[in-house]
Amino acid sequence: MNPAEVRDRKITIEAVEAADFEARIGHRFVFRMEAASSGGERERVELELSRVTRMEERPQGLTVRGVAIRSKPFSILFRSATHYPHLEFATAALDDPGFAGFELLLACVTPFMEEPGMFYYEAIFN
Numbered sequence: 301m302n303p304a305e306v307r308d309r310k311i312t313i314e315a316v317e318a319a320d321f322e323a324r325i326g327h328r329f330v331f332r333m334e335a336a337s338s339g340g341e342r343e344r345v346e347l348e349l350s351r352v353t354r355m356e357e358r359p360q361g362l363t364v365r366g367v368a369i370r371s372k373p374f375s376i377l378f379r380s381a382t383h384y385p386h387l388e389f390a391t392a393a394l395d396d397p398g399f400a401g402f403e404l405l406l407a408c409v410t411p412f413m414e415e416p417g418m419f420y421y422e423a424i425f426n
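Numbering (my numbering), first residue to last: 301 to 426.
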């Protein structure tokens with residue numbers, strides 16, 4: 301692959317790995333999602349990547365009801381000083397130049413965190 305192909309390469313949801321996010325801890329990711337009060341407009345939300353947690357690896361080739369299961373699951377944790385009530389449990393499109401615009405299911409996990417004044421949102425790649 302030549303340098304231009306590497307630079308222009310977009311990571312897809314199927315190919316994304318923990319290392320793709322580990323290299324971006326501290327990066328502010330932009331998400332777009334439909335806001336309930338916007339009449340269909342996509343709201344822009346910025347969340348800072350705080351942590352990547354690798355989970356126990358599984359054998360390759362596992363499926364559940366015909367859907368492939370990741371052999372290297374992981375979770376990513378974002379934080380923000382702003383609370384986004386519509387992100388309590390929601391799907392948001394990742395709008396970042398390095399990624400191919402896929403959507404993540406985010407869940408608010410703030411009650412389980414200890415940093416006052418910050419709100420946390422987690423996505424799991426399972």
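Using N, Cα and C, we set each Cβ at its ideal position, and we do this for glycine too.
{"query": "Extent of the continuous beta strand (DSSP E) run through A423", "result": "419-425"}
{"query": "Reference T353, options F389, S375, V316, closest by Cα", "result": "S375"}
{"query": "Helix, strand or coil at T382 according to DSSP, with G and I counted as helix", "result": "coil"}
{"query": "Nearest-angstrom Cα separation, counted from L404 out to N426", "result": "12 Å"}
{"query": "Span separating the alpha-carbon of Q360 from that of A393", "result": "28 Å"}
{"query": "Bridge-paired residues (DSSP) for R328", "result": "E348"}
{"query": "Neighbour-count burial assignment, F378, 16 or more Cβ in a 10 Å radius", "result": "buried"}
{"query": "Which listed residue (A315, K372, R332, E388) has its alpha carbon closest to that of P411", "result": "E388"}
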